[in-house]
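Engineer:
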Amino acid sequence: MKSVLFLSLALAAGGVLASGDRERELVRLVRQDCGSCHGMLLTGGLGQPLTPEALRDKPAENLVATVLYGRPGTAMPPWKSILTERDAQWIVERLLSGFPKEGG
Amino acid sequence: MRWIAVLFGVLLAGCSAQAPLGLRGTGDLGIVIERASGRVAIVDTSARSVLARVEGLGDLSHASAVFSRDGRYAYVFGRDGGLTKVDLLLARIDRRVIQAGNSIGGAISQDGRLVVAQNYEPGGIKAFDAATLELAADVPAAYGDAGKRSKVVGLADLPGNRFAYALFDAGEIRVTDLSDPARPKTATYPAGTQPYDGLVTPDGRHFLAGLFGEDGVAMLDTWQPELGARKILADYGRGQEKLPVFKMPHLRGWAVAGRKAYLPAIGRHEVLVADTADWRLTRRIPVKGQPVFVMARPDGRQVWVNFAFPDNGWVQVIDTQTGEVVQTLQPGRAVLHMEFTPRGEAVWISARDDNAVVIYDTTSFARVATLPADSPSGIFFTTRAARTGF
Chain A
169 MKSVLFLSLA
179 LAAGGVLASG
189 DRERELVRLV
199 RQDCGSCHGM
209 LLTGGLGQPL
219 TPEALRDKPA
229 ENLVATVLYG
239 RPGTAMPPWK
249 SILTERDAQW
259 IVERLLSGFP
269 KEGG
Chain B
2 MRWIAVLFGV
12 LLAGCSAQAP
22 LGLRGTGDLG
32 IVIERASGRV
42 AIVDTSARSV
52 LARVEGLGDL
62 SHASAVFSRD
72 GRYAYVFGRD
82 GGLTKVDLLL
92 ARIDRRVIQA
102 GNSIGGAISQ
112 DGRLVVAQNY
122 EPGGIKAFDA
132 ATLELAADVP
142 AAYGDAGKRS
152 KVVGLADLPG
162 NRFAYALFDA
172 GEIRVTDLSD
182 PARPKTATYP
192 AGTQPYDGLV
202 TPDGRHFLAG
212 LFGEDGVAML
222 DTWQPELGAR
232 KILADYGRGQ
242 EKLPVFKMPH
252 LRGWAVAGRK
262 AYLPAIGRHE
272 VLVADTADWR
282 LTRRIPVKGQ
292 PVFVMARPDG
302 RQVWVNFAFP
312 DNGWVQVIDT
322 QTGEVVQTLQ
332 PGRAVLHMEF
342 TPRGEAVWIS
352 ARDDNAVVIY
362 DTTSFARVAT
372 LPADSPSGIF
382 FTTRAARTGF
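Taken in sequence, the protein lines are chains A and B.
The working numbering applies: residue 169 is where the first sequence begins, and numbers increase by one.
The working numbering applies: residue 2 is where the second sequence begins, and numbers increase by one.
(1) Locate the alpha helix (DSSP H) running through E270 (chain A), then write down its first and last residues.
(2) In the DSSP assignment, the alpha helix (DSSP H) including A228 (chain A) goes from what residue to what residue?
(3) By DSSP, does H338 (chain B) sit in helix, in strand, or in coil?
(4) Give the interface partners of F404 (chain B) over in chain A, defined as CB-CB distance under 9 Å, in chain order.
(5) For a cutoff of 8 Å on Cβ pairs, would you count K152 (chain B) as touching chain A?
(6) Within the same chain, show all residues whose beta-carbon is closer than 7 Å to that of S17 (chain B), passing over the 5 residues directly before and after it, in chain order.
(7) Check whether chain B comes within 8 Å of V212 (chain A), counting only Cβ atoms and requiring the distance to be less than that.
(8) Going by DSSP, what residues sit across from K186 (chain B) in a beta bridge?
(9) List, from N- to C-terminal side, the alpha helix (DSSP H) runs of 4 residues or more that fit wholly inside the stretch 13-92 of chain B.
(10) If we cut at 8 Å on Cβ distances, does D60 (chain B) have a partner in chain A?
(11) Is V395 (chain B) helix, strand or coil by DSSP?
(12) Determine, using beta carbons only, whether H63 (chain B) comes closer than 8 Å to chain A.
(13) Indicate whether G212 (chain A) and H63 (chain B) have their beta-carbon atoms separated by less than 8 Å.
(14) What are the residues that DSSP puts in a beta bridge with P287 (chain B)?
(15) Pull up the distance between the alpha-carbon of G188 (chain A) and that of S249 (chain A), whole angstroms please.
(16) Evaluate D225 (chain A) with the Cβ neighbour count: other Cβ atoms within 10 Å of its Cβ, from every protein chain shown; 16 or more gives buried, anything less gives exposed.
(17) Give every residue of the same chain whose Cβ lies closer than 7 Å to the Cβ of W1 (chain B), excluding the five residues on either side of it in the sequence, and list them in chain order.
(18) If you scan the stretch 343-370 of chain B from start to end, which runs of the beta strand (DSSP E) of 3 or more residues do you find wholly inside it?
(19) Against chain A, with Cβ distances strictly below 8 Å, would I360 (chain B) count as a contact?
(20) So, are the CB atoms of G148 (chain B) and G172 (chain B) less than 8 Å apart?
(21) For the stretch 247-281 of chain B, list every residue whose C-beta sits within 7 Å of some C-beta in chain A, in sequence order.
(22) On the criterion of 16 or more Cβ atoms from any shown chain inside 10 Å, does V224 (chain B) qualify as buried, or is it exposed?
(23) Does the separation of the CB atoms of W305 (chain B) and V316 (chain B) fall below 8 Å?
(24) Report all residues from its chain with a CB closer than 6 Å to the CB of L209 (chain A); omit the five preceding and five following residues, and keep chain order.
(25) Whole angstroms are fine: how far does the CA of D95 (chain B) sit from the CA of M249 (chain B)?
(26) Taking C-beta to C-beta, are S151 (chain B) and F169 (chain B) nearer than 8 Å?
(27) Between the stretch 195-206 of chain B and the stretch 220-237 of chain B, are three or more C-beta pairs nearer than 8 Å?
(28) Tell me whether Q241 (chain B) is buried or exposed, calling it buried when 16 or more other Cβ atoms sit within 10 Å of its Cβ.
(29) Identify whether G203 (chain A) lies in helix, strand or coil by the three-state DSSP scheme.
(30) Compute the minimum distance between the beta carbon of L58 (chain B) and the heavy atoms of the ligand ZN, and state whether it is under 7 Å.
(31) Select from B:G102, B:D216 and B:V359 the residue whose C-alpha is nearest the C-alpha of K232 (chain B).
(32) Excluding the five sequence neighbours on either side, which residues of its own chain have a C-beta within less than 8 Å of the C-beta of A374 (chain B), listed in chain order?
(33) Could you name the residues of the stretch 244-271 of chain A whose beta carbon sits closer than 8 Å to any beta carbon of chain B, in the order they occur along the chain?
Below, the structure is given as structure tokens:
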């Protein structure tokens, strides 16, 4: 019953569903592993900055596709063997609104 | 980019200081980057212990370090453009400047007088007086007609206070002569698509830039620069589909053992071996994942390899006599870096997600010690001070 309530709250809030544990994993993955090219603070490195300002004009669905399928001709790899579409949507939403800190 | 000039300021650390490490040499000291907390741990490779921690180094994701030639100071290059001179004996920041917006590492000159940073933003290299961290030279990596600036990778020191580096966006190798820092002289060599990192051989002669955008490595013989950069190990994966590369390989480290060079293949679970006499591919060694660091033990008998996500819990050891993997280890979660003790009897390995530095005996492969560290990444020992390319 609780989980149904949580689920509907999450959906009502417009959030893409991800469990607390998975969210923590994704935050760590983005900060640490995406961070190896984009920087731990996501301010960019060999890869583009992933701050809300840097991504402002990019449609969310394009960003989700970039995460899952990579960008041929660049160093951005496809993450579809690691991330589900739902994971990618959650990551993109959080990137656009300001990505959470680890343990925060 | 005016703001960088505005931000450029020297921060002198606190005044009074006892010597917390006492009267001692620095030959067995080093630092471990604690990347998440903007801190370095000063370590003793004889006692296998952490002696002190120094805070306040900024964003240390992808941080690296070089050492003054007296082995007393570490120069730490942070992602946020911070360049911090850490006094190992006083265990404190000696000086610190913010020299760029986004930085990726650096090098120190043959004579130890210049510390040079390689920058992504604004793209180029900058040289600093090693004593004061005052700016000595600013060499933008401008390319093309529109005055664009490329991200710089692979910076390595060459004899004669020269520095070799590669331009990721422009596909070039450049060599800048800083023997007179007021008048830098730069030569340019077309290299190939998307050089991602570089290294210089231990004799300071050959500069290699790994290519991401095509199979192969660009090689410049700095004794015969008029020949230009040529492609070696080209087409090593012809006709095969590349695997995703979740982390760029790094070409730093002792990648040369005896007369062979050991290099990571891109998008393949292989280490490539080239003969340094003619730079021909002699072997492809299958390994557990996409290699990140491929480092020879100082005596050249072994090559240790770690891997990109998701195989980053493994380390493999290649015996250079047989060319085969002889050990597969699991030091911990998210292995980011390895550093050999000065003569190689032990190797220190950072396991970021276990918050530990794990020390192995390189003969028995026994785990001899584990030190706690907060998200450790790079490990750098003072022996680098005396080596070209470090």
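C-beta: ideal position from N, C-alpha, C; glycine also.
Bear in mind the structure is a predicted one, so any value in this text is a computation, not a measurement.
Structural biologist: The relevant details are as follows:
(1) Here the question's residue 270 (chain A) lines up with position 102 in the first sequence. Per DSSP, E270 (chain A) belongs to no alpha helix (DSSP H) and is neither H nor E.
(2) As a working note, residue 228 (chain A) is residue 60 in the first sequence. Note, A228 (chain A): alpha helix (DSSP H), A228 to Y237.
(3) Mapped onto the second sequence, residue 338 (chain B) falls at position 337. It is a strand residue.
(4) This structure cannot speak to residue 404 (chain B), because chain B is shown only from 2 to 391.
(5) Here residue 152 (chain B) refers to the residue found at position 151 when the second sequence is read from its first residue. So, interface residue.
(6) Taking the first residue of the second sequence as 1, we reach residue 17 (chain B) at position 16. At S17 (chain B), the pLDDT of 39 sits below 50, so the modelled position is not reliable; the number obtained from the coordinates is stated separately. Here the set comprises nothing.
(7) Along the first sequence, one-based indexing puts residue 212 (chain A) at 44. The question names Val, but residue 212 (chain A) is Gly in the sequence shown. Answer yes: the Cβ-Cβ gap between G212 (chain A) and chain B drops below 8 Å somewhere.
(8) Taking the second sequence and counting its residues from 1, one reaches residue 186 (chain B) at position 185. As DSSP reads the structure, K186 (chain B) sits in a beta bridge with B:D178.
(9) Taking only runs of at least 4 residues, no alpha helix (DSSP H) segment lies wholly in the stretch 13-92 of chain B.
(10) Along the second sequence, one-based indexing puts residue 60 (chain B) at 59. Taking Cβ atoms only, chain A reaches closer than 8 Å to D60 (chain B), which makes this a yes.
(11) With chain B covering 2 to 391 only, the question about residue 395 (chain B) has no answer from this structure.
(12) What you label residue 63 (chain B) is simply residue 62 of the second sequence in a count that begins at 1. Chain A contact via Cβ: present.
(13) As a working mapping, residue 212 (chain A) is identified with position 44 in the first sequence. As a working mapping, residue 63 (chain B) is identified with position 62 in the second sequence. The answer is no: Cβ separation not under 8 Å.
(14) In the second sequence, counting from the first residue as 1, residue 287 (chain B) sits at position 286. Partner(s): B:E271.
(15) Residue 188 (chain A) sits at position 20 when you count from the first residue of the first sequence. Residue 249 (chain A) sits at position 81 when you count from the first residue of the first sequence. Rounded to whole angstroms, the separation of the alpha carbons of S249 (chain A) and G188 (chain A) is 21 Å.
(16) Looking up residue 225 (chain A) in the first sequence gives position 57. Classification of D225 (chain A): exposed, given that the 10 Å Cβ count is below 16.
(17) An answer regarding residue 1 (chain B) cannot be provided, because it is not within the stretch 2 to 391 covered by chain B.
(18) 347-352 and 357-362
(19) Residue numbering aside, residue 360 (chain B) sits at position 359 when the second sequence is read from its first letter. So, not an interface residue.
(20) Taking the first residue of the second sequence as position 1, residue 148 (chain B) is located at position 147. Taking the first residue of the second sequence as position 1, residue 172 (chain B) is located at position 171. No, Cβ-Cβ distance for G148 (chain B) and G172 (chain B) is not below 8 Å.
(21) F247, K248 and M249
(22) Start at 1 with the first residue of the second sequence, and residue 224 (chain B) comes out as number 223. Sequence check: residue 224 (chain B) is Trp here, not Val. W224 (chain B) is exposed by the Cβ-count criterion.
(23) Within the second sequence, numbered from 1, the residue matching residue 305 (chain B) stands at position 304. Within the second sequence, numbered from 1, the residue matching residue 316 (chain B) stands at position 315. A contact, by the Cβ cut-off of 8 Å.
(24) Counting from 1 along the first sequence, the entry for residue 209 (chain A) is found at position 41. The beta carbon of L209 (chain A) sits closer than 6 Å to no other beta carbon from its chain once the five residues preceding and following it are set aside.
(25) Taking the second sequence and counting its residues from 1, one reaches residue 249 (chain B) at position 248. Taking the second sequence and counting its residues from 1, one reaches residue 95 (chain B) at position 94. Spanning the two alpha carbons is a distance of roughly 32 Å.
(26) Here residue 151 (chain B) refers to the residue found at position 150 when the second sequence is read from its first residue. Here residue 169 (chain B) refers to the residue found at position 168 when the second sequence is read from its first residue. Their beta carbons are under 8 Å apart, which means S151 (chain B) touches F169 (chain B) by this criterion.
(27) yes
(28) Counting from 1 along the second sequence, the entry for residue 241 (chain B) is found at position 240. When all chains shown are included, Q241 (chain B) counts as exposed.
(29) What you label residue 203 (chain A) is simply residue 35 of the first sequence in a count that begins at 1. Helix, per DSSP.
(30) The ligand ZN is not part of this structure, which contains no ligands at all.
(31) Within the second sequence, numbered from 1, the residue matching residue 232 (chain B) stands at position 231. Comparing Cα-Cα distances from K232 (chain B) to each of B:G102, B:D216 and B:V359, the minimum goes to B:D216.
(32) Counting from one through the second sequence, the residue named residue 374 (chain B) turns up at place 373. Here the set comprises V33, E35, A42, V51, S351, N356, A357 and V358.
(33) P245, P246, W247, S249, I250 and E270
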